[in-house]
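Engineer: Let me give you the structure first, and then I'll get to my questions.
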Amino acid sequence: MLVAKPFTSVNWAQSVDLTSGRPVVAPDKQTGASRGNIKDVCPSLEGGVSPASPPAYSPRTHLFYTSTNNFCMDYAVRPARHLKGTPYVGVVAPYKAGPGGYLGSFIAWDAATGSKVWENKEPFPNWSGALVTAGDVVFYGTLDGWFKSADARTGRVLSKFKVGSGVVGNPMTYRGPDGRQYVAVYAGIGGDWALIAGDMRSDDPADVRAPADPVKEIARHTSLGGIVWIFAL
């Protein structure tokens, strides 16, 4: 292991031992049944980045590009019964926005130095994959339904298009039979956020679910999806 530095807010560990690869846990953030309710653990159970959000690397800029989360949480162990077919966690872990008040971002990361080169902050967690091209353009989607392109070197947003549903898929690019380059992305909010975003179905009057506290406004900006969008460059 050469470098291990945080790319988002981290306080449950003080550092990472480069010899063993193990985190050096902060004593005041250790959790357990005997420790009660531990406040303000960063990041939350969602982690700093979703395992379903693959990063992209550019051999031109020598940077990684990835979606990130900016969530913290409280953490209290609770007795729980196992009921088949229901969530079985055994903790109470309410989420809250991390430092700065935003919930996600898209970043360019220098892995050689462990430093953030630029960051585009987003009001909601970022959950999409990343795509970077040889034209130094990076593409990503947001949970409130935007598909964005940005300058891979500076982060300046070049374009954004409302795709109607949160993006949790991975953008891709290809050359069509006409010789033109295309970028495609699947729009359709899913995973945890589709479960906790509340009522997103205008066609179902019985769906009156309240959203979870950290993302109270997300249902105003997205709906359930299932659309493949293709853009010509």
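Numbering (the numbering used here), first residue to last: 278 to 510. Note that CB positions come from ideal geometry on N, CA and C, so glycine has one too.
Taking 8 Å as the threshold, find out whether the stretch 396 to 404 comes into contact with the stretch 295 to 312 through three or more Cβ pairs.
Structural biologist: With a cut-off of 8 Å, the stretch 295 to 312 and the stretch 396 to 404 do not count as touching, because too few Cβ pairs lie within range.
Engineer: By Cβ distance below 8 Å, which residues in the same chain neighbour Gly468 in space, the five residues on each side in sequence not counted?
Structural biologist: Residue 468 sits at position 191 when you count from the first residue of the sequence shown. Correct list, in chain order: Ser327, Ala329, Trp404, Val445.
Engineer: Distance check for Pro332 and Asn447, CA to CA, integer angstroms please.
Structural biologist: Walking along the sequence shown from the start, residue 447 turns up at place 170. Walking along the sequence shown from the start, residue 332 turns up at place 55. Roughly 9 Å between the two C-alpha positions.
Engineer: So, are the CB atoms of Ile495 and Leu420 less than 8 Å apart?
Structural biologist: Within the sequence shown, numbered from 1, the residue matching residue 495 stands at position 218. Within the sequence shown, numbered from 1, the residue matching residue 420 stands at position 143. Contact flag set, yes.
Engineer: Could you tell me whether the Cβ atoms of Ala407 and Thr343 are closer together than 8 Å?
Structural biologist: In the sequence shown, counting from the first residue as 1, residue 407 sits at position 130. In the sequence shown, counting from the first residue as 1, residue 343 sits at position 66. Against a cut-off of 8 Å, the Cβ pair of Thr343 and Ala407 comes out as a contact.
Engineer: Helix, strand or coil for Asp428 per DSSP?
Structural biologist: Here residue 428 refers to the residue found at position 151 when the sequence shown is read from its first residue. Correct three-state label for Asp428: strand.
Engineer: Where does Pro356 land, buried or exposed, given buried means 16+ other C-beta within 10 angstroms?
Structural biologist: Residue 356 sits at position 79 when you count from the first residue of the sequence shown. Label assigned to Pro356: exposed.
Engineer: Closest by CA to Ala303, which one among Ala353, Thr296, Cys319?
Structural biologist: Here residue 303 corresponds to residue number 26 of the sequence shown, with the count starting at 1. Checking every option, the nearest Cα to that of Ala303 belongs to Cys319.
Engineer: Quick test of your reading: Phe424 and Leu380, contact by CB under 8 Å. State the CB separation rounded to the nearest angstrom.
Structural biologist: By 1-based counting over the sequence shown, the position of residue 424 is 147. By 1-based counting over the sequence shown, the position of residue 380 is 103. About 18 Å separates the two Cβ atoms, so there is no contact after all.
Engineer: Tell me the rounded alpha-carbon separation between Gly502 and Ser442.
Structural biologist: On the sequence shown, residue 502 is found 225 positions in, with the first residue counted as 1. On the sequence shown, residue 442 is found 165 positions in, with the first residue counted as 1. Distance between the alpha carbons of Gly502 and Ser442: 5 Å.
Engineer: Using DSSP with H/G/I as helix, E/B as strand and the rest coil, what is Trp470?
Structural biologist: Numbered from its first residue, the sequence shown carries residue 470 at position 193. DSSP places Trp470 in helix when its eight states are reduced to three.
Engineer: With distance defined between alpha-carbon atoms, name the residue in Val293, Val414, Thr363 nearest to Arg337.
Structural biologist: Start at 1 with the first residue of the sequence shown, and residue 337 comes out as number 60. The shortest C-alpha separation from Arg337 is found at Val414.
Engineer: When burial is assigned at 16 or more other CB atoms within 10 Å of the CB, is Asn314 buried or exposed?
Structural biologist: As a working mapping, residue 314 is identified with position 37 in the sequence shown. The residue in question, Asn314, is exposed, as its Cβ has fewer than 16 Cβ neighbours within 10 Å.
Engineer: Sort out for me which residues DSSP pairs Phe397 with in a bridge.
Structural biologist: Taking the sequence shown and counting its residues from 1, the one referred to as residue 397 is at position 120. It should be noted that the sequence gives Asn, not Phe, for residue 397. DSSP lists Phe383 as partners of Asn397.
Engineer: To the nearest angstrom, how far is the alpha carbon of Gly377 from that of Tyr451?
Structural biologist: Taking the first residue of the sequence shown as 1, we reach residue 377 at position 100. Taking the first residue of the sequence shown as 1, we reach residue 451 at position 174. If I take the Cα positions, the gap works out to 37 Å.
Engineer: Is it right to say Met278 is buried, meaning 16 or more other beta carbons lie within 10 angstroms of its own, or is it exposed?
Structural biologist: Here residue 278 corresponds to residue number 1 of the sequence shown, with the count starting at 1. The residue in question, Met278, is exposed, as its Cβ has fewer than 16 Cβ neighbours within 10 Å.
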